[in-house]
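Q: Each protein sequence line maps, in turn, to chains Y and B.
This note's numbering applies: residue 2 is where the first sequence begins, and numbers increase by one.
This note's numbering applies: residue 59 is where the second sequence begins, and numbers increase by one.
All C-beta atoms in this analysis are idealised placements derived from N, C-alpha and C, irrespective of residue type, glycine included.
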Amino acid sequence: MTTSDDHTAHPRLAPLAWVFARYGNFTLGGGSATTAVLHHELISKRRWLTQDRFALCFALGRLTPGTNLLAFCTGVGWLLRGATGAVVALMAASVPCTVMVIVLTALFSQWQENQFAQSAIHGAIAAAVAITVKTVWTIAKPHFKGRERIRVVIVGATAFVLYVFAGLSAIEVLLIAATVGALWPAEHS
Amino acid sequence: MNVVLLYLLLLKGTVTAFAGLASLPVIQDALVFHYHVLTDKQLNEAVVITRSTPGPVGLYIVSVGYFVAGVPGAIAGWLAMITPAFLIIPLVHFAGRKIDQPRVKGVLQTVVIASAGLLLAASIPLARDALTDPVTIAIAIVSLGLLLTTVIDTLWIILGAAMISLSASSLGLIGHIPMP
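#1: Would K135 (chain Y) pass as an interface residue toward chain B - the criterion being a Cβ-Cβ separation below 8 Å?
#2: For P16 (chain Y), decide whether its Cβ has a neighbour in chain B, counting only Cβ atoms nearer than 8 Å.
#3: Taking just the CA atoms, how far does W136 (chain B) sit from F21 (chain Y)?
#4: Give me the Cα-Cα distance between G25 (chain Y) and L145 (chain B), rounded to the nearest whole angstrom.
#5: What residue from B:I197, B:D98, B:V95 and B:E103 has the CA that sits closest to L105 (chain Y)'s CA?
#6: Give the straight-line distance between the Cα atoms of Q167 (chain B) and A107 (chain Y), rounded to the nearest whole angstrom.
#7: Does the distance from the C-beta atom of T133 (chain Y) to that of L79 (chain B) stay below 8 Å?
#8: May I ask you to verify whether the region 163-170 of chain Y touches the region 66-80 of chain B, counting CB pairs closer than 8 Å and requiring at least 3?
#9: Beta-carbon separation of P114 (chain B) and T68 (chain Y) under 8 Å?
#10: Kindly list the residues whose CB is nearer than 6 Å to the CB of C1 (chain Y), restricted to its own chain and excluding five residues on each side of it in sequence; keep chain order.
#11: Give the interface partners of T212 (chain B) over in chain Y, defined as CB-CB distance under 7 Å, in chain order.
#12: Please state the DSSP three-state secondary structure of L137 (chain B).
#13: In the DSSP assignment, the alpha helix (DSSP H) including K163 (chain B) goes from what residue to what residue?
#14: Output needed in chain order: residues of the region 161-179 of chain Y with a Cβ under 9 Å from some Cβ in chain B.
#15: Residues of chain B with a CB under 8 Å from the CB of P186 (chain Y): which are they?
#16: Spell out whether any CB of chain Y is found under 8 Å from the CB atom of A139 (chain B).
#17: How long is the line joining the alpha carbons of V154 (chain Y) and P12 (chain Y), rounded to whole angstroms?
#18: Evaluate A15 (chain Y) with the Cβ neighbour count: other Cβ atoms within 10 Å of its Cβ, from every protein chain shown; 16 or more gives buried, anything less gives exposed.
#19: Run through DSSP, which three-state label would P12 (chain Y) get?
#20: N115 (chain Y) touches chain B at which residues, Cβ-Cβ below 7 Å?
#21: List the residues of chain Y whose Cβ lies closer than 7 Å to the Cβ of L202 (chain B), in chain order.
#22: Does H123 (chain Y) have its Cβ less than 8 Å from a Cβ in chain B?
#23: Against chain Y, which members of the region 110-124 of chain B pass a CB distance test of less than 7 Å?
#24: At 3 residues or longer, what runs of the beta strand (DSSP E) sit wholly inside the region 70-144 of chain Y?
#25: Compare the C-alpha of D98 (chain B) against each of B:I222, B:T111, B:S121 and B:D191 and name the closest.
#26: I'd like to know if the region 126-143 of chain B and the region 56-75 of chain Y are in contact, where contact means that at least 3 CB-CB pairs between them fall below 8 Å.
#27: Out of Y:W112, Y:V156, Y:S95 and Y:L61, which one is the CA nearest neighbour of A132 (chain B)?
#28: Identify which residue in Y:Y164, Y:Q119 and Y:P186 has its Cα closest to the Cα of E149 (chain Y).
Here is the structure:
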């Protein structure tokens, strides 16, 4: 596949950076809301990508390790403007939100002194535990359907037991899981 | 801690995870349990911070980097977060449509599900650190209930929890003021 075939536009780098800076850094409401906005922006409004190309980047973004949204932006940048486009899209989608996080983390470190801030943070942290536990379900849920349910329970519970009780490292558990997955192919869904 | 080593440890987490917080067990394993340069409390705070900003969840790793080594550590975290994204280029370029092969799907699916199991395990020490009194336990239970049954944004849950905790401790303070 080359980057110059059908219906893929070659926008200038400035608007490319703008789109990913504007929509890549704001995922309040969840990743699916961001995807919906980018879908509208890239396909309907600016006509940079075809539906197929968008779907390809979206699917491959989910298969790429790390943050799916960043991989998606990088893939779209690559299709639109090659290596430069990939780098520009990734920078635009990650630098502004990273700066926000650094500033907030620095403030957090300062607030260690303040008693009121500490009690507020104490409550927020309790909510963070709930968010982490909820994420377990968010990750497993798309696979929890039909006959795959047994697979989810067995693989998830085994990973938990191997890590907590058998003392394996997280990486070892993931490698075992990958091996099991290769030997026990998924059903078509 | 050496920033290059920090980058490599964080990268080990991001490159083996397929969703935002899925890298947390690997990072907790390395930085909290093995190298002792991070605490479970800081890991919890990193999650709070990222959910209080509008970026993707994977950004918590930037906070982690900052807690370990200041701004250079945060930059190491940013690099660890963005490095795996480049892997999509060969995927887009060559792999194209092979993603529907059952064996490829099988590997991805079991890795994702195993990472969910690991994340559940990782939340045990996080809970032990954060849930220290009836108020925080109640906040966690109510928050989890809301997250599972509604579509309320996590930002509001965090703000609500902070307000409740602040009010509760203020009331406690008022209770200790001697009556005239």
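A: Here's the rundown:
#1: yes
#2: no
#3: 17 Å
#4: 18 Å
#5: Looking from the CA of L105 (chain Y), the closest CA among B:I197, B:D98, B:V95 and B:E103 belongs to B:E103.
#6: 37 Å
#7: yes
#8: no
#9: Contact flag set, yes.
#10: The question about residue 1 (chain Y) has no answer, for chain Y in this structure spans 2 to 190.
#11: I132
#12: helix
#13: Taken as a continuous stretch (DSSP letters only), the alpha helix (DSSP H) holding K163 (chain B) covers P160 to A188.
#14: F161, V162, L163, Y164, V165, S170, A171, I172, V174, L175, L176, I177, A178 and A179
#15: P160, R161, K163 and G164
#16: According to the sequence as given, residue 139 (chain B) is Met; it is not Ala. Judged by the 8 Å Cβ criterion, M139 (chain B) is in contact with chain Y.
#17: 46 Å
#18: That one is exposed.
#19: coil
#20: Simply none; closest approach about 11 Å.
#21: A131, V134 and K135
#22: Yes - at least one Cβ of chain B is within 8 Å of the one on H123 (chain Y).
#23: S110, T111, P112, G113, P114, G116, L117, V120, S121 and Y124
#24: Complete beta strand (DSSP E) runs here, min 3: none at all.
#25: B:S121
#26: Flag = yes, the region 126-143 of chain B and the region 56-75 of chain Y touch.
#27: The residue among Y:W112, Y:V156, Y:S95 and Y:L61 with its C-alpha nearest the C-alpha of A132 (chain B) is Y:S95.
#28: Y:P186
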